[in-house]
Every structure is written in C-alpha cells, then in structure tokens.
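Residue numbers (our numbering), protein chains in the order written: chain R, 1 to 116; chain C, 1001 to 1872.
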C-alpha cells in the first residue's frame, strides 16, 4: 500500500496549474507541454517528465482538459491535449488564488520592505 | 459525481487506456532522445538521459492506473481472489463456519418470511393503505352478534349509495377443483369476488384481462387465475385468455391472470378468482352465505364518520337485523383481510426476537472460528506487514473473507428457510379454517438474507480485527507465539461466553413455553372433551320461519343421534372452545348491582342433555332434561361462579328466580368455555325450547370408538338429509388444541432454536478446547513427564472453559429476564422470573458444556510425553 508522491521541485499542486496554463497556448502533446514549461521557466522548473502523465490523466478525468489522437508533423501518432471551457474557468480560479498566495508569502518574507 | 462516473467508465476500458498510455510514454521518450541527439549527444547516452529525465515509466503507469475506476476496486478484486483461495485451501474450516452462519441466517430468514407474510407485506393492489376491513356487530339489548358479511344484492345497493367509499366483496372457498385443461384436475382455492372487485382494488393484469361488472352471470363462468397457478399449471402461457376449463365440474373460461395478486384474504390466498354470481354454480352448498367486505376509503374521509355512515347503509340492506343496533368497525386492511393476523402478531414478534438471539450465537460461533484461523495465520500477516501492507488492508482482507463465508452461508440459509418456513407455519393452525399464508421466497427475502450476512460478517470478523489492532507490529512480525496465544484466548473466551449467554436465553424461553403447554394440558376444562365431535351448521335460508327452523334443527338432531357410534347429542350456539359467545344481563330480585358489569353473564342456549353429553358435573338441583325444557315454566341451570356471585353459595341458588320469570333448577360446576386460560365466568344455560332460534348452531355429540370415523358418518347423515347445508366438523379435542396454537408455535420455535444454540455453542467450546490442547501439547507433555496424572491434566484443561461457561451463564441472566418479560403474556402458571427454573436451565447447559469440553480434555490426558517431546 502507500502512495508515493511524484518527486518534483515544485510547490505542491502547482503542476496542474502549469499544465493548464501551457495548454492555453493551444493544442499540444505531453512532450510539448513538458518542453513548454521548461523553456518558459528558463530551465528553473525541473519537472520530472514522467509525473506529467498522471497529472494529465487526472485533469482529463476531472474534465478540465480533453484529448484525442492525432499525427505529429513527421506523421507519428501522438495524443494531443486541449483545454476545455471548464478547464479555462478552473485555471482562472487557481491563478488568482495562487497570485494571492504568492503575494502573501512575499509580504511575510520581506517585512522590512513593506514598512519602509 | 461526473468525476466518479468518468473514473468508472475508465475502469471498464482500462486495458485500452493502459496501452495508449504506454504508447504515449514511448513517444515521449523517442522525442526527447531525438532532441538530445540533435543537440549533439551520443545516441546510446541519449536513450539513458531521456529515461533519466522521465523517471520510472512503470511507476507512472501504476499511478495513472490507480485513477481508473474506484480507487480500490482493483485491490479489492485482488483481496477477493486471495480470500477465495484462502478459504478454498482449508475446506473443513470453511464448511463449519458456513454451516454455522447458514443455520443462523436460515432460521432468521425463515421466521422473517413468516413475519413478512403475516405482518408486513402489503397487498399487490393500488394504494393498499386506503383499504379497511369491515366488521359489524348487531346488538339486541344485552346480546351481541358479530356480522361480517352482506349479500351480493346488499353490497350493490351499498355501493350505489356510498359516494365516500368503495366496497369490495369476497368469499373464499377452500375446496375448488380446476379441471379440463389437458392434465388432471387440481385442488384450488377459489375467491368469489364482487362486481367491481378488480377495479376498486386496482389490481393489474399479467395476461389477458381481469373481471368487470359485465362478467357477472355469464356462462361459461369467466375466471381469473393467480400468477402462481398460471405458472405451475399453464406454463405461463401468454395466450391464456379464452381457455376453456372447468371449476368443480362447471364450465368456465379463463379471461386473464392477476399480477402478483392472490385475493384479499391473507391467510387463505386464492388461486382462482370468480364472479360472486357464479358461487351458486360452483358451490351450491354455500350459495346463500354472504360476502365479506373490504372498504376503500378516500384518504380525506375520517374513519369514525365512515363507520357511522356505513352502519346506516348496512342496516338498510340487512332486514334481519332491523331491530338491532348496528355498529361497524373499520380496521386497516392494507395487508389484506385477516382473522389470524391479530392473534399471531405477538407470537411472530417473539419468534423474530428469539431467532435474532440464535443469529447472535451463530455470529459469535463463526467469529470464534475466524479468530482461531487468524491466529494460525499470523505468519502470513507478518509477511504482508513486512512488505508494506497497512493495517487497513489487512482489516479489509479479514472482512472480505468473513463476507465470503457469510455470502455462502446466506445462500445456504435461504435454502434452509425455504425448507423450514412452511414446516414452522404448519405449527400454527388457528380456528378450523386452514392457515395458509403465502410465503414468498423473492428478492425481498434474498435482500434481507444478504443484509443479515453482511452484518453477521462484520460481527464475526470483529474479534479478529480487534486482535489485529491490539497486537503491535513486532508481535506479528516476530510471530511472538506466547503474546498471540494469550490474546486469542481472551477473544475466544469472550465469544464463548456470549454464545453461552445467548443459549441460556433460548433454553430458558423454551423451558418456560414447554412448561406452559404442559400446565395448560393439565388444566381440567370442566367437561370431558375426549370423543366429542363438533358439527357447526349455518342454516341461513334453509327454513322460511322460526317454527320450521326449529323443526329443521330437531331433524338434524335426530339424524346425528341415529348415526353409528353416537351415544348422546346436544347443541348450543357456538359450541365450546371457540371465540363465538353470547352474553346477556340478569336481574336478581333482592340484589343490586354495584356496576353495570355485575349484571353481565355468559348465556348458553342448549339442546337436551347438554350436561350429560359433555359430562359437566351437576353440583345441585336437576339438569335440563326434556321434561324440564318442555314444561310451562321457564327454567335455567347456572354455574358455580354464577351461584356464588349472586346467591352466596351453590345450595342457595337452586329454586331462585332470575329475570323475574326464569327459575334456576340446578347448578353445574365451572368450566372453561372459551380457552383453557379463562377465569371462571358466570354462565347461565337456558333450553332452546325457551330461547330464540338463530340460524347458527353447533351440535356436540359424544361418540364411542374411532372419533374421526364417527365424525365422518355424522356428516354423511346430515348430508343425506340436506345436501346444501353449510357445515363444518371437527372434534372438541382438536378445538382445544387449536386454542393453544400460539403457545405451541412459540414453544416449538424456542425448542428448535435452543437446540441449535446448544449445538453451536458446544461445538464452539469443543473447538476452542481442542485447539488450546493442540497449542499446549508440549506444555502438557512436560507436566506429564514431571509426574502430573491424567486427572490433573483434565482438571487443568477443563478449568478455563468451565469458568468461561459460568461467566456466560451469569451474563445470560439479565437476558433471560428480558425474554421472560416478552413471553409473559403467553406463559401459563409459569412465573415470569423464576430463579429455580433458570438455575435448572443453567445447570443443564453447564453439564452439556462440560461434556463438550471433556472430550478433547480426555485426549489431552492421553498424550505420550516421550513421543511428544522427542518429536521436537
């Protein structure tokens, strides 16, 4: 028994948000999502690539993203993911929550600045 | 919600999803590798690097797979498969545990199926809660007559007049014969039904159509079949309508099949339903008998008001009772009309309570077995903990195994119930009509058994779970035998004490009910019932006026008297040991009543030689012979209770006047007129020659030789005189036995259940002692080697089980007290809490337990220490 949590250098719960955010740019496959996150964060966010797939599966079961099989440019079969309307709504919600959280943490960590 | 559904859907196509995931991962690794190569990395190294970046693909797949379906569905299936294997591997353990629970679940289901038929199950009609049963009484000053029926004509005019209620008339014929459908004739029960019966009830047709107004009076007689007989005799033929058949030789035609409906009389479910108008063709002998009524009241009509208005309607259509005050009572008939439900209510509820106790015994018993098994599997559980299984998973494993056992037990138990319930119901005949409640073995009962099984499994697994939670991991891991054994012993002891306590409860109940039956059997009824036959007749419509009715009854009397084996004949209205009774009031000159109740006496109108025929002893004065009865003066005999209440003594009563015109000529001893439990009531016996003549009369005749043969020939003699008379024959002894059927039902049930409880708890005790002897083999061998005698060993081994039994008995005493309180109303001459009798039951249980424990203990004494110690 016992579930092992994926090893990731991310704040817990942020992976889903990152995936959703990546998918706002359009339809892409799993590998593309990983690349996208890595590039945009300037290689800071080191996601263990495998842990993407359970997350994608979960988001799909929650109805936040949808997927279908298609062919990549070099004509290989791949699964493409896209954001659903409810996924978009969900992302908006988590984004604002996250911004509040980060803001709060920042204020706590730099109390001197805020008093100056 | 959607999430759960998606997950479940995913579970069903998890094979495809898994393949897709594997492909996806494969593609990911390829893409990564290509990119790395494009960045200048060596191809071999690129593969490894891609894999490193990805992580463990197997774990990814597992983690994803967990999301498909109910999270634990997969592991649940694993547990189920594993549990099945474990049970399969030890068939004897499984068989004993299943048998034990099957007895518990089976008996409970059997009693429940009876309770369902008698108390719970509503009629298969529309809005059954609106149905009420009609009962009426006609009061003539002091005397009250019970009336439950109305003629078909009367019913029609009542239906026309009542806008607030709808009526359903019915009458049940027990001895119909259905023939002419290709196979041999079959005995069926027939319900004669009024015109709008099916419409008013809202019964649905399974095939064809149901009866309506326009079917009355048709020839051949249109009939509706019950679903049961349709299946058993007509192979559920959908094209059953217009099938010609015969009913008691009368041509009839099947018009349809009623869905799940067998008439409205609960204790005599019908196979065939026939328009009431056809009653004269099918059973001419009872053609003049009226129909019983059900009333459908609209929910907004208050039943008190309805009772009044129906009483008015009823007296309008019953000219015979125009001089009487009619009272109507409407009682709930949502479960059908019934005369038996009320008297059976209490015994059936008690039966449920008793069988519940047996179920507890069975649970404790199975629990003990599971606990023993659990202990011997500590090693296996240790391994599972060592490789990372949580307590929760192990607990689930235990529950699943218990559920598997209980599931098999429920299946076997349903079979037990199927066989036992009809037998059990056979012990409760009530009155002279057959008691044939329809027992249904359907999904309701199966569901009930399944619920029982689930509960039983949880209880049975409980002991092992407690053990699992109590023992710390190291105990299990290191297989610390001593700690385990100590824990198991405590659990087993608690379970055995519980079984003994429950067994005591049942044994006490069985003993009390058996003593009640014995005590009632010893009661002197005040007359000699042996060899007396009882023939009750209803001569409605057999004679036009009172004078010819008297002549008619005189003829019947003569016919019976001249039948073979008959020595003496007399008669009265309702006979003895029945519920029918006539009461009246008396006025005594020079005596003033304290309350109205003081004037009430039981009134018997009797034929000649009543006291001689029944051998009721005469204490003073003379009997009511033909001479006294025919004389100009009105005379009566009273009983001792009457004489002592109004005149102070037996001797004082003779010659005194009652109600101004009636002279008391004799005093007879008190007797039990209604049931053996009755306190003596004041009774007055008046000769029929000086009393009104009613159409209902019961002949009582003393016979010699074979009673049933005499009864048969007497009935033949009456038939020879009038083939159309409504009559019923039985014996007085049978009637007495019938009044005890409630007590007998509970006594039989309690005896069977207590026997089962004894067997189960002794088996449990035996198994526990045998197991602990096996466990302590080495210790016992050492003791023997050091000089302990066989007797010492037996004593040592017996000490604990006997102590536990004693504790169980003490724990059972409050329960025994409670059960006796529940039984109190059925007991006769048995104190509700009788310490000596509980003590006797306890001692008996103790003795049985000692025998059960002694067996394995004796074997312990024969251990050969040398062999045993050498073998290690």
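The C-beta atom is built at its ideal place from N, Cα and C for all residues, glycine as well. Since this is a predicted model, take the numbers as computed values, not measurements.
{"Check": "Cα-Cα separation, residue 1218/C to residue 1350/C", "Outcome": "48 Å"}
{"Check": "Nearest candidate by alpha-carbon position, reference residue 1344/C, set 1290/C, 1111/C, 1256/C", "Outcome": "1111/C"}
{"Check": "Residue 1120/C, buried or exposed, once every other Cβ within 10 Å from all chains shown has been counted against 16", "Outcome": "exposed"}
{"Check": "Neighbourhood of residue 1789/C by C-beta distance below 6 Å, restricted to the same chain and skipping five residues each side", "Outcome": "none"}
{"Check": "Of the listed residues 1261/C, 1247/C, 1180/C, nearest to residue 1206/C (C-alpha basis)", "Outcome": "1261/C"}
{"Check": "Cut-off 6 Å between Cβ atoms - residues of its own chain near residue 1682/C, not counting five sequence neighbours on either side", "Outcome": "1601, 1641, 1642, 1645"}
{"Check": "Nearest-angstrom Cβ-Cβ length linking residue 1846/C and residue 1832/C, presumed shorter than 8 Å", "Outcome": "Actually they are not in contact, since the Cβ atoms of residue 1846/C and residue 1832/C sit about 23 Å apart, beyond 8 Å."}
{"Check": "Residues sharing a beta bridge with residue 1727/C, DSSP", "Outcome": "1537/C"}
{"Check": "Among 1632/C, 1224/C, 1611/C, 1616/C, the one whose alpha carbon lies nearest that of residue 1624/C", "Outcome": "1611/C"}
{"Check": "8 Å Cβ cutoff, residue 83/R in contact with chain C", "Outcome": "no"}
{"Check": "Cβ of residue 1025/C within 8 Å of any chain R Cβ", "Outcome": "yes"}
{"Check": "Backbone secondary structure at residue 91/R - three-state DSSP", "Outcome": "helix"}
{"Check": "8 Å Cβ cutoff, residue 1401/C in contact with chain R", "Outcome": "no"}
{"Check": "Enclosing alpha helix (DSSP H) for residue 1019/C [first to last residue]", "Outcome": "1014-1038"}
{"Check": "Buried versus exposed call for residue 1757/C [16 or more other C-beta atoms within 10 Å across all chains shown]", "Outcome": "buried"}
{"Check": "For residue 1453/C and residue 1409/C, believed in contact at Cβ under 8 Å, the rounded distance", "Outcome": "6 Å"}
{"Check": "Any chain C beta carbon closer than 8 Å to residue 61/R", "Outcome": "yes"}
{"Check": "Proximity of residue 1018/C and residue 1065/C at Cβ, strictly below 8 Å", "Outcome": "yes"}
{"Check": "Best match in 1367/C, 1269/C, 1391/C, 1159/C for proximity to residue 1297/C [C-alpha to C-alpha]", "Outcome": "1159/C"}
{"Check": "Interface flag, residue 1513/C vs chain R, CB-CB below 8 Å", "Outcome": "no"}
{"Check": "Proximity below 8 Å, CB of residue 1147/C to CB of residue 1294/C", "Outcome": "no"}
{"Check": "Residue 1668/C to residue 1621/C span [Cα, whole Å]", "Outcome": "9 Å"}
{"Check": "CB contact flag (residue 1766/C, residue 1857/C, <8 Å)", "Outcome": "no"}
{"Check": "Proximal residues to residue 1425/C (C-beta, below 6 Å), its chain only, five neighbours per side dropped", "Outcome": "1114"}
{"Check": "Within chain C, partners of residue 30/R - CB distance below 7 Å", "Outcome": "1024, 1028"}
{"Check": "Spatial distance of residue 15/R from residue 34/R (CA atoms)", "Outcome": "11 Å"}
{"Check": "Member of 1096/C, 1736/C, 1637/C whose CA lies at the smallest distance from the CA of residue 1534/C", "Outcome": "1736/C"}
{"Check": "Cut-off 8 Å between Cβ atoms - residues of its own chain near residue 1502/C, not counting five sequence neighbours on either side", "Outcome": "1357, 1358, 1360, 1361, 1364, 1757, 1761, 1812, 1815"}
{"Check": "Residue ranges of each alpha helix (DSSP H) within the segment 1347-1429 of chain C, 4 or longer", "Outcome": "1378-1386, 1391-1425"}
{"Check": "Residues of the segment 1429-1462 of chain C whose Cβ lies closer than 7 Å to any Cβ of chain R, in chain order", "Outcome": "none"}
{"Check": "Backbone secondary structure at residue 8/R - three-state DSSP", "Outcome": "Here residue 8/R scores only 42 on pLDDT, less than 50, and its place in the model should not be relied on; the value that follows carries that caveat. It is coil, neither helix nor strand."}
{"Check": "Inter-residue Cα distance where the pair is residue 1007/C and residue 1231/C", "Outcome": "44 Å"}
{"Check": "C-beta atoms of residue 1248/C and residue 1223/C nearer than 8 Å", "Outcome": "no"}
{"Check": "Option in 1498/C, 1720/C, 1548/C, 1693/C with minimal Cα separation from residue 1563/C", "Outcome": "1720/C"}
{"Check": "Own chain partners of residue 1412/C with C-beta closer than 6 Å, once the 5 adjacent residues on each side are dropped", "Outcome": "1102"}
{"Check": "Anticipated Cβ contact below 8 Å, residue 1710/C with residue 1555/C, distance rounded", "Outcome": "About 19 Å separates the two Cβ atoms, so there is no contact after all."}
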